[in-house]
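Working notes, structure below.
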Amino acid sequence: MSTAAALAHDACSVEDIPLGEGRAVTLDGRRIAIFRAGGGWYALDAACPHRGGPLADGIVCDRAVICPLHDRRFDLQSGSALTTGNAVAAHAVEVRGARVFVTLAAAERGAA
Ligand code: FES
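Okay, so the sequence shown: first residue is 321 according to the working numbering, each after it adds one.
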């Protein structure tokens with residue numbers, strides 16, 4: 321029996337990502353950056369909306385990540401831009417035992 325609920329993807333193990341770091345994975349054809357911050361687990365689209373910088377390689381501080389290319393900062397929970405420019409899509413993360421599951425947000429085009 322199928323369900324209309326969004327699918328939670330088994331993305332990685334909790335041991336794959338040290339505290340304070342991120343890792344990029346591919347889920348359903350989308351590149352997603354998963355972060356293990358002090359306040360919990362978060363997931364954003366992996367490419368910075370500015371010039372495609374690898375957000376998984378950014379510096380994680382508090383509940384934000386800083387893009388390694390030009391230092392734009394994004395809220396890990398919402399994906400909103402904390403400095404300037406466009407937001408990045410944020411995805412729901414749930415830890416079940418030793419596994420990290422990500423439910424992808426709907427892909428949007430032309431959003432503000
Ligand atoms: S590519 Fe991320 S700030 Fe420029």
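We treat Cβ as the ideally placed atom computed from N, Cα and C, and that holds for glycine.
Alpha carbons only, please: which of the options is nearest the one belonging to residue i?
i	options	result
VAL413	GLU335, ALA344 and GLY360	GLY360
GLY417	SER333, PRO388, ALA328 and HIS329	SER333
ILE337	ASP365, PHE394, VAL380 and ALA425	VAL380
ALA427	ASP391, GLY349 and ARG393	GLY349
Please state the DSSP three-state secondary structure of residue i.
i	result
ALA382	Checking the displayed sequence, the identity of residue 382 turns out to be Asp instead of Ala. Coil.
VAL413	strand
ASP334	One detail in the question is off: residue 334 reads as Val in this sequence, not Asp. The answer is helix: DSSP assigns VAL334 an H, G or I state.
ALA376	helix
ASP395	strand
According to DSSP, what are the bridge partners of residue i?
i	result
ARG350	LEU347
GLY360	ALA357
HIS329	VAL422
ALA401	PHE394
Using a Cβ-Cβ cut-off of 7 Å (strictly less than) and excluding sequence neighbours within five positions of residue i, which residues of its own chain qualify?
i	result
MET321	Legend: pLDDT at MET321 = 43, less than 50; position of this residue unreliable, value from coordinates given subsequently. Excluding positions up to five away in sequence, the list is empty.
GLY430	Interpretation of GLY430 is limited by its pLDDT of 42, a score under 50 that renders its predicted location unreliable; no figure is taken from the coordinates.
Tell me which residues share the same chain as residue i and place their Cβ nearer than 6 Å to its Cβ, disregarding the 5 neighbours each side in the sequence.
i	result
SER400	ALA407
LEU339	ARG356
PRO369	ASN406 and VAL408
SER403	According to the sequence displayed, residue 403 carries Thr and not Ser. For THR403, where only same-chain residues beyond five positions count, the Cβ hits under 6 Å are ARG392 and ARG393.
ALA410	LEU364, SER398 and GLY399
CB-CB under 8 Å to residue i, same chain, minus the five flanking residues each way: which ones, in chain order?
i	result
VAL415	VAL334, TRP361 and PHE421
GLY342	ALA353, ILE354, PHE355, ARG356, LEU375, ALA376, ASP377, GLY378, VAL380 and VAL385
ARG383	ALA357, GLY359, TYR362, ASP395, LEU396 and GLN397
Between residue i and residue j, which are expected to be in contact by the criterion C-beta below 8 Å, what is the C-beta distance as a whole number of angstroms?
i	j	result
ARG351	ALA367	6 Å
GLY373	PRO388	6 Å
Open item on the list: Considering only heavy atoms of the ligand GDP and the C-beta of each residue, which residues fall inside 5 Å, strictly closer?
Closed with: With respect to small molecules bound, the structure shown includes the ligand FES and not the ligand GDP.
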